[in-house]
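Participant:
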Amino acid sequence: MPVQVAWDRGRHVLRVQGEGVDAAVPASHLSLDRGGWRGEAVHLVWPQEAGHAAVSVDDGPSLAALERTLPPDLAEQLRQHRRAAAREHRRSRIVLGCLAVAVLGVVAAVVTLVTAPALLLDPVVSALPTDVDVAVGRAVEQSVVARDRYDDPVVEQAVERIGQRLVAAAPPSPFRFRFHVVDDPTVNAFAVPGGVVVVHTGLLRAARSADEVAGVLAHEIAHVLERHSLHALAQRLGLWATVELVVGGADSAAGGLANAATTLSGLRYGRDQERAADRLGLQILRAAEVSPERMIDFFTRMGADDRAVPDWLATHPDSVARAADLRARLARLPAAPTRPLQVDWPAVQRALRR
Amino acid sequence: MTRMHEVDYEIFGDDMQYVEIELDPGEAAVAEAGAMMFMEDGIEMETIFGDGSERQSGFLGALMGAGKRLITGESLFMTVFGNRGHGKRRVGFAAPYPGKVIPFDMQAIGETLIVQKDAFLCAAKGVSIGIAFQKRIGAGLFGGEGFIMERLEGDGMAFCNAGGTIKERELQSGEMLRVDTGCIVGFTPSVDYDIQFVGGIKSALFGGEGFFFATLRGPGRVWLQSLPMSRMAGRILAGARGGRGEGSLLGGLFMGDKS
Chain C
0 MPVQVAWDRG RHVLRVQGEG VDAAVPASHL SLDRGGWRGE AVHLVWPQEA
50 GHAAVSVDDG PSLAALERTL PPDLAEQLRQ HRRAAAREHR RSRIVLGCLA
100 VAVLGVVAAV VTLVTAPALL LDPVVSALPT DVDVAVGRAV EQSVVARDRY
150 DDPVVEQAVE RIGQRLVAAA PPSPFRFRFH VVDDPTVNAF AVPGGVVVVH
200 TGLLRAARSA DEVAGVLAHE IAHVLERHSL HALAQRLGLW ATVELVVGGA
250 DSAAGGLANA ATTLSGLRYG RDQERAADRL GLQILRAAEV SPERMIDFFT
300 RMGADDRAVP DWLATHPDSV ARAADLRARL ARLPAAPTRP LQVDWPAVQR
350 ALRR
Chain Z
0 MTRMHEVDYE IFGDDMQYVE IELDPGEAAV AEAGAMMFME DGIEMETIFG
50 DGSERQSGFL GALMGAGKRL ITGESLFMTV FGNRGHGKRR VGFAAPYPGK
100 VIPFDMQAIG ETLIVQKDAF LCAAKGVSIG IAFQKRIGAG LFGGEGFIME
150 RLEGDGMAFC NAGGTIKERE LQSGEMLRVD TGCIVGFTPS VDYDIQFVGG
200 IKSALFGGEG FFFATLRGPG RVWLQSLPMS RMAGRILAGA RGGRGEGSLL
250 GGLFMGDKS
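Written out as structure tokens, the structure reads:
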């Protein structure tokens with residue numbers, strides 16, 4: 000250090016030497032002050048002919064040495080200043096630590112958003128009120144279903160009757176279920192948030208009985224009840240569109256929703272979601288007293304013939320495995336009564352071929 | 000025994016200064032990458048990873064030094080300009096913006112100096128350029144210098160650049176200056192650097208100085224600049240975007256020369 004500061008006990012003065020200074024300052028002239036660019040230094044100040052002179056000490060060992068050797072009242076002042084500095088140091092550490100944690104938290108959220116958006120997105124979507132589901136469903140209904148509707152009362156009523164029987168037996172929900180038939184040769188049916196289930200004519204043609212259709216509808220109803228489509232849609236559209244949904248309502252997001260129907264029809268749910276929908280669908284069938292065997296048959300048949308029904312497989316992978324899973328599950332359950340569906344399936348098939 | 004090379008220098012220019020360092024054979028100066036303006040025959044340039052002071056030993060030391068410097072806004076590498084010739088030779092250094100070069104006789108000011116980010120221009124080899132971390136939250140957030148400043152240590156000559164005109168002031172113990180944030184170039188570490196609320200909502204909102212002053216309290220020496228580069232850059236940008244031309248609002252309609 001360029002300047003030496005030491006307390007001379009014999010002569011009761013502070014010796015300051017260095018940088019062209021050689022002073023002996025009596026205790027009565029000395030005053031202490033805290034400062035330094037980080038508040039960690041203690042200034043020893045004494046008056047001179049013009050103004051004051053000061054020595055700034057900021058390293059711990061020197062301050063400790065001074066505290067030991069200075070006369071009691073000065074030493075006490077020094078102690079106070081050092082304690083104040085330590086307090087400030089601790090406080091700033093805490094605040095900076097909190098700031099760092101906050102920044103890290105934001106970074107972690109952003110990283111999660113980019114890499115695994117489901118983690119953050121799912122709770123947000125789950126918190127959305129069911130009005131959002133209903134609004135989305137209505138928007139999709141208006142934009143697409145009305146356009147491609149398969150206009151045959153026999154077919155439509157059949158599907159409606161099957162559907163509503165299942166809905167009556169399903170767990171209660173705020174949704175008003177509607178079933179629509181769309182003129183499309185691909186074998187597919189999909190769920191829209193809010194209670195809209197769309198069935199393609201292709202699927203109806205591939206089904207051998209009303210029970211098979213019931214199985215598919217029960218599965219889709221399950222998706223609606225669990226709000227899987229909303230989660231899947233939110234993930235596909237991304238966080239911003241979902242936020243727009245929340246803030247502006249589905250009407251404002253209608254532009255993006257024009258794609259929604261296409262998205263939803265091709266939507267591939269996660270494996271867990273599919274299993275969950277399978278199980279709930281089975282429950283609904285049993286509660287509606289419809290035989291679940293046919294649903295399992297349908298799945299098995301579709302899964303086995305991958306060349307004929309590529310669309311089905313695209314949206315319902317693992318059909319065979321899931322059919323097996325359902326069969327095993329069914330075997331463990333007690334037998335349930337069944338009532339036949341009041342649908343003239345041959346008539347429906349005839350209407351479809353018109 | 001001093002570790003520094005003792006260099007002679009000359010500063011040229013008025014408002015857009017540059018400095019010429021005169022090196023004896025064997026002496027060297029260390030500078031920010033890109034600061035060199037010219038060098039005479041005999042001066043050799045070498046890029047190093049540290050700052051050339053012996054404070055950091057070994058590769059890890061150099062790495063730490065370089066890492067800390069990147070945070071302060073200097074580049075990872077420093078260039079050393081050594082005189083390998085015979086006789087005195089000169090090398091010139093200049094800053095990339097208009098302003099002054101401030102010479103610091105480190106030995107005379109207590110061997111340590113805290114300066115704003117990016118202020119360092121060049122120094123005698125042996126001066127160490129490191130990081131000075133501001134731990135006062137208020138000062139860090141609102142003081143105008145951020146949380147990271149540069150710390151220069153050594154007992155040789157060091158040179159910093161600043162914008163505008165420089166004010167140097169020696170503060171007595173307890174004497175305080177309230178400074179416009181951003182106008183601080185540097186200070187000796189005994190100076191208390193903090194912030195103070197402007198006081199009065201009207202002044203804060205409409206006074207044009209923002210919500211906080213930076214305060215510098217002595218004892219110690221402080222260097223202030225009249226025109227921080229960022230402020231000038233902001234004005235130039237605003238002028239380029241607005242393009243209102245000289246004179247009144249209507250001037251653009253009737254005067255030609257819309258260049």
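Residue numbers (numbering that gives the first Met the number 0), protein chains in the order written: chain C, 0 to 353; chain Z, 0 to 258.
C-beta atoms are modelled at their ideal positions from N, C-alpha and C, and glycine is treated no differently.
Give me the residue from ASP150/C, GLU66/C, ARG278/C with the minimum Cα distance to VAL215/C.
Facilitator: Among ASP150/C, GLU66/C, ARG278/C, the Cα nearest to that of VAL215/C belongs to ARG278/C.
Participant: Short of 7 Å in beta carbon distance, which residues of its chain neighbour LEU73/C, apart from the five on each side in sequence? Order them along the chain.
Facilitator: So the list reads ALA26, LEU29, LEU31, once near-sequence residues are dropped.
Participant: List, in order along the chain, the chain Z residues whose C-beta lies closer than 7 Å to that of ALA53/C?
Facilitator: Under the 7 Å cutoff, chain Z gives SER172, PRO218.
Participant: Would you call the segment 114-125 of chain Z in contact with the segment 188-201 of chain Z, where contact means no fewer than 3 C-beta pairs closer than 8 Å?
Facilitator: The segment 114-125 of chain Z is not in contact with the segment 188-201 of chain Z.
Participant: Any beta carbon from chain Z within less than 7 Å of ALA40/C's own beta carbon?
Facilitator: ALA40/C counts as touching chain Z.
Participant: Could you round the C-beta distance between LEU284/C and ALA217/C to whole angstroms and report it? I think they count as a contact, below 8 Å.
Facilitator: With 8 Å as the limit, LEU284/C and ALA217/C qualify as a contact, their Cβ atoms being about 5 Å apart.
Participant: In the structure shown, what three-state DSSP assignment does VAL360/C receive?
Facilitator: Residue 360/C lies beyond the range of chain C shown here (0 to 353); nothing can be said about it.
Participant: Just tell me which of VAL196/C, ALA323/C, VAL212/C has its CA closest to the CA of LEU202/C.
Facilitator: Among VAL196/C, ALA323/C, VAL212/C, the Cα nearest to that of LEU202/C is on VAL212/C.
Participant: Closer than 8 Å by C-beta to PHE298/C: which residues in its own chain qualify, once you throw out the five before and the five after it? Chain order, please.
Facilitator: Closer than 8 Å at the Cβ level, and outside the excluded window around PHE298/C, lie GLY214, HIS315, SER318, VAL319, ARG321, ALA322, LEU325.
Participant: Can you tell me which of the three DSSP states LEU332/C falls into?
Facilitator: In this structure, LEU332/C counts as coil in the three-state DSSP scheme.
Participant: Out of curiosity, what's the CA-to-CA distance linking VAL136/Z and PHE146/Z?
Facilitator: According to the sequence as given, residue 136/Z is Ile; it is not Val. Rounded to whole angstroms, ILE136/Z to PHE146/Z spans 8 Å at the Cα level.
Participant: What does the Cβ neighbour count give for PHE58/Z, buried or exposed, with the cut at 16 atoms within 10 Å?
Facilitator: Exposed.
Participant: Quick check on GLN133/Z: buried or exposed, where buried means 16 or more other Cβ atoms within 10 Å of its Cβ?
Facilitator: Counting Cβ neighbours within 10 Å, GLN133/Z comes out buried, since at least 16 surround it.
Participant: Does any C-beta atom of chain Z lie closer than 7 Å to the C-beta of GLY96/C?
Facilitator: Not one chain Z Cβ lies under 7 Å of GLY96/C.
Participant: Against chain C, does SER127/Z count as a neighbour if the rule is that its beta carbon must be under 7 Å from one of theirs?
Facilitator: Cβ-Cβ to chain C under 7 Å: no for SER127/Z.
Participant: Determine the chain C residues that contact VAL190/Z at a beta-carbon separation under 7 Å, and present them in chain order.
Facilitator: Neighbours of VAL190/Z on chain C, chain order: TRP36.
Participant: I'd like to know whether the C-beta atoms of SER172/Z and HIS51/C end up nearer to each other than 7 Å.
Facilitator: Yes, they are a contact pair.
Participant: Over the uninterrupted alpha helix (DSSP H) stretch that includes LEU103/C, give me the two end residues.
Facilitator: That run of the alpha helix (DSSP H) goes 71-114.
Participant: Alpha helix (DSSP H) containing LEU284/C: first to last residue?
Facilitator: 270-286 is the span of the alpha helix (DSSP H), which, as asked, contains LEU284/C.
Participant: Measuring only the C-alpha atoms, how far is VAL29/Z from GLU39/C?
Facilitator: Whole-angstrom Cα-Cα distance: 31 Å.
Participant: Rounded to the nearest angstrom, what separates ASP296/C and LEU340/C at their Cα positions?
Facilitator: One C-alpha to the other measures close to 17 Å.
Participant: If you count every other CB in all the chains shown that lies within 10 Å of the CB of GLY219/Z, and 16 or more means buried, which is it?
Facilitator: So GLY219/Z ends up on the buried side.
Participant: Between which two residues does the alpha helix (DSSP H) holding MET294/C run?
Facilitator: It spans 292-303 - the alpha helix (DSSP H) in which MET294/C sits, taken as one unbroken run.
Participant: Of all the residues that make up the segment 133-146 of chain Z, which are near chain A by a beta-carbon distance shorter than 8 Å?
Facilitator: Of the chains in the structure shown, none is chain A; the protein chains are C and Z.
Participant: According to the Cβ coordinates, are THR78/Z and ALA32/Z closer than 7 Å?
Facilitator: Cβ atoms of THR78/Z and ALA32/Z: closer than 7 Å.
Participant: Do PRO227/Z and GLY162/Z have their C-beta atoms closer together than 7 Å?
Facilitator: Yes. Within cutoff.
Participant: Using alpha carbons as the reference points, say which of GLY41/Z, GLY109/Z, GLN106/Z, PRO102/Z lies closest to HIS85/Z.
Facilitator: The residue with the shortest Cα to Cα distance from HIS85/Z is GLY41/Z.
Participant: Let me know if GLN115/Z comes out buried or exposed under the rule of 16 or more other beta-carbons within 10 Å of its beta-carbon.
Facilitator: Label assigned to GLN115/Z: buried.
Participant: For LEU281/C, tell me which candidate among ALA22/C, VAL56/C, PRO170/C has the shortest Cα-Cα distance.
Facilitator: Looking at the Cα atoms, PRO170/C is the closest of the given residues.
Participant: Compare the Cα-Cα distances from TRP45/C to each of ARG137/C, VAL191/C, ALA23/C, VAL106/C and report the closest residue.
Facilitator: Answer by Cα proximity: ALA23/C.
Participant: Determine contact between the segment 147-156 of chain C and the segment 266-275 of chain C, defined as no fewer than three beta-carbon pairs at a distance below 8 Å.
Facilitator: No, they do not touch.
Participant: Going along the segment 99-132 of chain Z in order, which residues come within less than 9 Å of chain C, judged by CB to CB distance?
Facilitator: Answer set for the segment 99-132 of chain Z: GLN106, ALA107, GLY109, GLU110, ILE113, ALA131, PHE132.
Participant: Taking the C-alpha atoms as reference points, what is the distance between VAL347/C and VAL153/C?
Facilitator: Cα to Cα, the separation comes out at about 6 Å.
Participant: Which residues in chain Z sit within 7 Å of SER91/C, going by Cβ to Cβ distance?
Facilitator: Here the neighbours are LYS134, ARG135, ILE136.
Participant: Which of the three DSSP states is assigned to ILE101/Z in this structure?
Facilitator: In this structure, ILE101/Z counts as strand in the three-state DSSP scheme.
Participant: Using a Cβ-Cβ cut-off of 7 Å, state whether GLY136/C counts as contacting chain Z.
Facilitator: Not an interface residue.
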